[in-house]
Amino acid sequence: MACLEIHEEICKGCGLCINFCPRSLITLAEHLNSKGFHPAVLKEPEKCNACTLCAIMCPDMAIEIRKEAG
Ligand code: SF4
Ligand code: SF4
Numbered sequence: 762m763a764c765l766e767i768h769e770e771i772c773k774g775c776g777l778c779i780n781f782c783p784r785s786l787i788t789l790a791e792h793l794n795s796k797g798f799h800p801a802v803l804k805e806p807e808k809c810n811a812c813t814l815c816a817i818m819c820p821d822m823a824i825e826i827r828k829e830a831g
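Heads up, the sequence shown is in my numbering, so the first residue is 762 and it goes up one at a time.
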């Protein structure tokens, strides 16, 4: 399973990653981060295949993807 971490304090809630996830796995959280933005969150981590599109599209490099061994 892919391991994806969205650093919510870096995220500015622009929504680009949401638009580019081919599986529609990302949404904006209800809560605000310390900068006053709704940060992106991964809805169903088990469905993420670590394609890296969301991380590539993020202008602020707020998404980190680690592929687990095996
Ligand atoms: S790595 Fe790919 S499948 Fe996973 S959340 Fe990002 S865009 Fe979606
Ligand atoms: S593209 Fe980056 S800054 Fe924009 S909502 Fe997604 S994680 Fe946040």
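Cβ atoms here follow ideal geometry from the backbone N, Cα and C, with glycine treated the same way.
Asked: Delimiting residues of the alpha helix (DSSP H) encompassing Ala-801; Found: Premise fails: Ala-801 lies in the beta strand (DSSP E), 801 to 803, not in any alpha helix (DSSP H).
Asked: Contacting residues, own chain, Cβ-Cβ under 8 Å from Phe-798 (five flanking each side not counted); Found: Cys-772, Lys-773, Gly-774
Asked: Inter-residue spacing [alpha-carbon to alpha-carbon] between Leu-814 and Ala-823; Found: 13 Å
Asked: 3-residue-minimum beta strand (DSSP E) runs that sit fully inside the segment 783 to 821, ordered along the chain; Found: 787 to 789, 801 to 803
Asked: Cβ-Cβ separation, Ile-767 to Leu-793 (assumed contact under 8 Å), whole Å; Found: So it is not a contact: roughly 15 Å between Cβ atoms.
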